[in-house]
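Chains as they are written, first to last, in the numbering used here: chain A, 1 to 410; chain B, 1 to 301.
C-beta atoms are modelled at their ideal positions from N, C-alpha and C, and glycine is treated no differently.
Everything numeric in this text was worked out from a predicted model, so none of it was measured.
Down below is the structure, laid out as structure tokens.
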């Protein structure tokens, strides 16, 4: 090779390297970004708690002060109340707002013995106050004024230090407190996503598989069939938001048959089913193609009917491929957002039901980012959850398809 | 000699074709009446008049789209004999074999003229249930193709398709079929092992057992040993010797030695024509047709 040829060769090689590294870098950047923003937020509590904070007004049965020892493992930032046996810490939330978090409650602290003091049917119910709650206000008996006084955010105190100092020096007894659960969790969306996956698969899999069986095994191989097939494949090119519009207008009447009058998880599932038909039909057909013709011949030559052949021989042997189709569908469901905005709603629902609106994880990202105070941390944490789910699904698909390939090689 | 006359291409020339087919069109359901006419033409010494031919093929033409794959084939398949189809690749012998259990129906663009009767019944008639036909005409394929399920389930497959669920009966049939296929001794201890774990020869015997389980009248074998090693081939050939006492066997084979070893009658095909059919010994030793002689002596093929 002369110099010039060698140079051209090097240039071409470098171009391929660069192209590969671009995609790798982009992927790495996404992971780094999402993990750096969301990893600290992500915890079991965030996964398992409600998004909407719950407000609680409680009264203590016995608010008289005692004497408590500061536990040794308490952080320096925690402010401990020796009279009432609890600790507070100042924190800044994602809206850059200051809050006081209850970090420790002693076993025989008055805070352990609380009843619900708000109005409604729960009034008087026993409440177990948990750590990690955001304290808004303490009500205490003021010695100086001889009446009930507030301390905390609602009063003139702001920091944990000031609040505890006020109730310890000025108060003779704790009466009650007003607090909020932390919120900002994703349990509702997680449950809604699982419901969505289940419902969608229940609707889409049987129809998709049956359609694939018809197209590949039963339909006459003529122009009409291939036109139908290309129509179905064209469906996969339609933007999902268009499906969302269609679901909102056309499929809504289907859910109305079940007496559902709003956007609902069922409507979302119906819409996603339509989106998934081409995916499932395509994948199932691929799986059917892999089943050797010899098995079809063998089955028919043994006097099986066509449908017996399909159900006894072909579908069992296409099962790994159908499973792949299922897993791909699940990742599609997890990742879909546009079609769900119209059909499932954007209001985060902590207690999702099939007939009510709710958000999937992907839509929750959209919701927490559209408010006036975008919650980057929570959005990133949800992204991590989604990425991990999709990653696990993809690895499973890889494993299954390599098994599938091995099966017929002998 | 007379036996060969019927299938001699000179006699089965297109000029005689219309008469033959019209004769059958008039009386398709009366084999007793058509037989005397045939017996005049072909008094086969091996054929007992009381046990007629299983299949009678008359002027069969088969086209794949435009391709004329079988040309005016007329042949009788005698009961409880082994009939071998030989000929070079693409000569139509497998195509004819697949006509007997109508497997050609599965191929798009196939058109069939002429008639095939099985014990007097036209197998292309609308009254005939193709599923029943296939239970009466079993088939063994070139490559062993057991289902990826247990040995037991493979053999019981056909019966289960007919809705037989009685395990006692299935067990009896499975054992009986495996014995007839000379696989019982090897397989009896692991009937519930996956059939794909068997060796190629065992798999092919399993496929034979699977076909036998339906008690067919005829077993079609499409080059059943071409994917097997010589020892497994010998096993299968021994098995065919045994099976011909019970069943009519039609075997397509590439190996002329195999045809000579195991068959009673041999039919030689070339480019869609049935060139010659007769007793195996005669076809191999005193072939009537020059082309048969050339093929058998290895001048082409």
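- Excluding five sequence positions before and after residue 178 (chain B), the CB atoms of its chain that fall closer than 7 Å to its own CB belong to 155, 184, 187, 209, given in chain order.
- Under the three-state reduction of DSSP, residue 326 (chain A) is assigned to helix.
- Counting C-beta pairs closer than 8 Å gives three or more between the stretch 185-196 of chain A and the stretch 369-386 of chain A, which meets the contact rule.
- Taking a contact to require three or more Cβ pairs closer than 8 Å, the stretch 264-272 of chain A and the stretch 101-111 of chain B do not qualify as touching.
- Residues 110, 113 of the same chain have their beta carbon placed closer than 7 Å to that of residue 62 (chain A), with the five preceding and five following residues left out of the count.
- Residue B:159 holds the alpha-carbon nearest to the alpha-carbon of residue 299 (chain A) among B:56, B:287, B:159.
- A Cβ of chain B is located within less than 8 Å of the beta carbon of residue 301 (chain A).
- Boundaries cannot be given for residue 117 (chain A), as no alpha helix (DSSP H) includes it and DSSP labels it neither H nor E.
- Closest in alpha carbon position to residue 223 (chain B), among B:191, B:203, B:170, B:85, is B:85.
- Interface flag for residue 305 (chain A) against chain B is set, since a Cβ pair is found closer than 8 Å.
- Under DSSP, residue 137 (chain A) takes part in a beta bridge, and its partners are A:152, A:178.
- Between residue 135 (chain B) and chain A, the shortest Cβ-Cβ separation is below 8 Å.
- Here residue 121 (chain A) is exposed, its C-beta having fewer than 16 other C-beta atoms within 10 Å.
- Here residue 332 (chain A) is buried: its Cβ has 16 or more other Cβ atoms, across all protein chains shown, within 10 Å.
- What residue 313 (chain A) touches in chain B, judged by beta-carbon distance under 7 Å, is 147, going in chain order.
- Interface annotation, residue 394 (chain A): not in contact with chain B, CB-CB separation never under 8 Å.
- Excluding its 5 nearest sequence neighbours in each direction, residue 152 (chain B) has C-beta neighbours in its own chain below 7 Å: 174, 191, 192, listed in chain order.
- Cβ proximity to chain A below 7 Å picks out nothing from the stretch 58-81 of chain B.
- Residue 307 (chain A) sits exposed, since fewer than 16 C-beta atoms from the chains shown fall within 10 Å of its C-beta.
- When only Cα atoms are considered, residue 15 (chain A) and residue 21 (chain A) end up about 10 Å apart.
- The beta-carbon of residue 219 (chain A) is placed no less than 8 Å from the nearest beta-carbon of chain B.
- Under the criterion of beta carbons closer than 8 Å, residue 77 (chain B) and residue 53 (chain B) qualify as touching, at roughly 6 Å.
- Under the three-state reduction of DSSP, residue 297 (chain B) is assigned to coil, being neither helix nor strand.
- The count of Cβ pairs closer than 8 Å, one atom from the stretch 202-213 of chain A and one from the stretch 367-378 of chain A, stays below three, leaving the stretches out of contact.
- Using a Cβ-Cβ cut-off of 8 Å, residue 295 (chain A) counts as an interface residue toward chain B, since at least one Cβ of chain B sits closer than that to its own.
- For residue 199 (chain B), there is no enclosing beta strand (DSSP E), since its DSSP letter is neither H nor E.
- Not one beta carbon of chain A lies nearer than 8 Å to the beta carbon of residue 127 (chain B).
- Sixteen is the threshold: when 16 or more other Cβ atoms of the shown chains lie within 10 Å of the Cβ of residue 152 (chain A), as they do, the residue is buried.
- Annotation: the continuous alpha helix (DSSP H) that includes residue 169 (chain B) extends over 167-180.
- Ranked by Cα distance from residue 229 (chain B), the options B:120, B:204, B:91, B:294 are led by B:204.
- Chain-ordered listing is empty here: chain A has no CB closer than 8 Å to the CB of residue 111 (chain B), the nearest sitting near 15 Å.
- Apart from sequence neighbours up to five positions away, the residues of its chain that approach residue 63 (chain B) with a beta-carbon distance below 6 Å are 111, ordered along the chain.
- Residue 308 (chain A) belongs to the set of residues whose beta carbon lies under 8 Å from a beta carbon in chain B.
- Counting along the chain, residue 255 (chain A) sits inside the alpha helix (DSSP H) bounded by residues 252-256.
- With a cutoff of 8 Å on beta-carbon distance, residue 268 (chain B) and residue 87 (chain B) are scored as near each other.
- When Cβ-Cβ separations below 8 Å define contact, residue 287 (chain A) makes no contact with chain B.
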